[in-house]
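Chemist: Below you'll find the structure I mean.
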């Protein structure tokens, strides 16, 4: 475990990574991996196995597998065919597309999928539909992410189970229905803000007027046999991931390889669509944060907060820690850890348990719009190369807004006001 001076170095190092990466346009993931070596190896003398234990191999496979499969699907024209079919349906009703995407994104997580799996299924088609219909890709990407977040605390969702079981183990009870509904309401409200901030009012004014830009017409054609096979592969992966909880990254990778093996040159070039820059970015940041968790930096911060004399202030600061750390790491892991860390604080009875848990849960999950979270990274990775930087910066700005506002807003709504 790290000492106090290491915790200070670790937090300063994270800030320095962002400053240097922004100043010199260096991939933050590369900077993070160098920082892991400097702090973990040279300072803490960790052996190589321990040093790189936090590298998220599962996240790497997920990002590579999904972007590889949809690269193959784009190369053989399947994505274009699906998007064309969807665009013919919407015609001039572009104003409803963001909300349709929002609703569809919520269904997998409400049915029990993790947010990363839901984003992996919805984001590629949603972003291509946005491109086809001339919608702001940042708006559609964020609608995917907050639609996914709506189902986070469904009774079937693993995050809901983590929160309920964590509080029960601590000898506390909360209302599962209140947690579920409050989270939906908060994310719907954020959806309204996203819609307005990224051009929704213009879409409403446009309506069915003659000045509305038309979606380029395309004549319906029959799907080729290789395209049919691609659609079947996508459907099989969806069912396998949602119904049987199989690894979506491995399934996507296997499907991409099989399609290229069966249909050869028609699917060439799919591997060039793998978003390696995003893979490096996210995996590097996650590895660095894992080092801080391994050395007890997060636990140290949580412990100091729980020792505060003011329950209301302590609740707010715990929500801030949950939001800040979850923006760079697994929401499930952070939320599970924060529930355990906050258990003694909740047992003191200074704040309402259900309201505090709702505030912590919302603070720790709405920041998944960060491009460093798995779901956010999937949105960035599935943007076209020309739009990727813009989408990345849009998600980064929005995530910063969430980190600053979500803890305070949820604390006021669910801890202070009730």
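In our numbering, the protein residues as written are 1 to 418.
Note that CB positions come from ideal geometry on N, CA and C, so glycine has one too.
From a predicted model like this one, the values you see are computed outputs, not experimental measurements.
1) Tell whether a beta-carbon distance below 8 Å holds between residue 408 and residue 369.
2) At what residues does the alpha helix (DSSP H) containing residue 283 begin and finish?
3) Taking its Cβ as the centre, do 16 or more other Cβ atoms sit within 10 Å of residue 196, making it buried, or is it exposed?
4) On a CA-only basis, which of 416, 81, 398 is nearest residue 327? Give me that one, please.
5) Residue 301 by DSSP, collapsed to three states: which one?
6) List the whole-angstrom C-beta distance separating residue 292 from residue 10, where the pair is believed to meet the contact cut-off of C-beta under 8 Å.
7) Which one of 96, 95, 301, 177 has the shortest CA to CA distance from residue 155?
8) Between the stretch 247 to 259 and the stretch 347 to 355, do at least 3 Cβ pairs fall closer than 8 Å?
9) Looking only at C-alpha atoms, which of 339, 275, 299 sits nearest to residue 387?
10) If you drop the 5 nearest sequence neighbours on each side, which residues of the same chain put their C-beta closer than 6 Å to that of residue 27?
11) Could you give the uninterrupted runs of the beta strand (DSSP E) lying entirely in the stretch 80 to 137, keeping only those of 3 residues or more?
12) Quick one: complete alpha helix (DSSP H) runs, 4+ long, within the stretch 151 to 188?
13) Considering residue 27, what are the terminal residues of the alpha helix (DSSP H) in which it resides?
14) If I measure Cβ to Cβ from residue 432 and keep anything under 7 Å in the same chain, skipping five residues before and after, which residues do I get?
15) DSSP three-state label for residue 348, please.
16) Does the beta-carbon of residue 165 have 16 or more other beta-carbons within 10 angstroms, so that it is buried, or is it exposed?
17) If I'm right that residue 109 touches residue 157 with Cβ under 8 Å, what's the distance once you round it to whole angstroms?
18) What are the boundary residues of the alpha helix (DSSP H) that includes residue 270?
19) Applying the 10 Å Cβ sphere with the 16-neighbour rule, what's the burial state of residue 422?
20) Here's the rule: buried if 16 or more other CB atoms are within 10 angstroms of the residue's CB, otherwise exposed. What is residue 307?
21) What residues in its chain sit with their C-beta under 6 Å from that of residue 73, if we drop five residues either side in the sequence?
22) Enumerate in chain order the residues of its own chain whose CB-to-CB distance from residue 270 is below 7 Å, with the five nearest sequence positions on each side excluded.
23) Measuring alpha carbon to alpha carbon, tell me which of 22, 7, 137 ends up nearest residue 385.
24) Buried or exposed: where does residue 244 fall if 16 or more other Cβ atoms within 10 Å of its Cβ makes it buried?
25) What span of residues does the alpha helix (DSSP H) with residue 412 cover, start to end?
Modeler: Let me spell this out:
1) It is not a contact, given that the beta carbons lie outside the stated cut-off.
2) 276 to 294
3) exposed
4) 398
5) helix
6) 5 Å
7) Closest in alpha carbon position to residue 155, among 96, 95, 301, 177, is 177.
8) no
9) 275
10) 280, 281
11) none
12) 158 to 169
13) Neither: residue 27 is in no alpha helix (DSSP H) and is coded neither H nor E.
14) Since the first and last residues shown for the chain are 1 and 418, residue 432 lies out of range.
15) Three-state result, residue 348: coil.
16) exposed
17) 6 Å
18) Residue 270 -> no alpha helix (DSSP H), and no H or E assigned at all.
19) Residue 422 is absent from the model: the chain starts at 1 and stops at 418.
20) exposed
21) Counting only residues of its own chain and dropping the five nearest sequence neighbours on each side, residue 73 has a CB closer than 6 Å to the CB of 79, 230.
22) 68, 71, 72, 75, 256, 260
23) Out of 22, 7, 137, 137 has the C-alpha closest to the C-alpha of residue 385.
24) By the 10 Å Cβ count, residue 244 comes out exposed.
25) Bounds of any alpha helix (DSSP H) do not take in residue 412, whose DSSP letter is neither H nor E.
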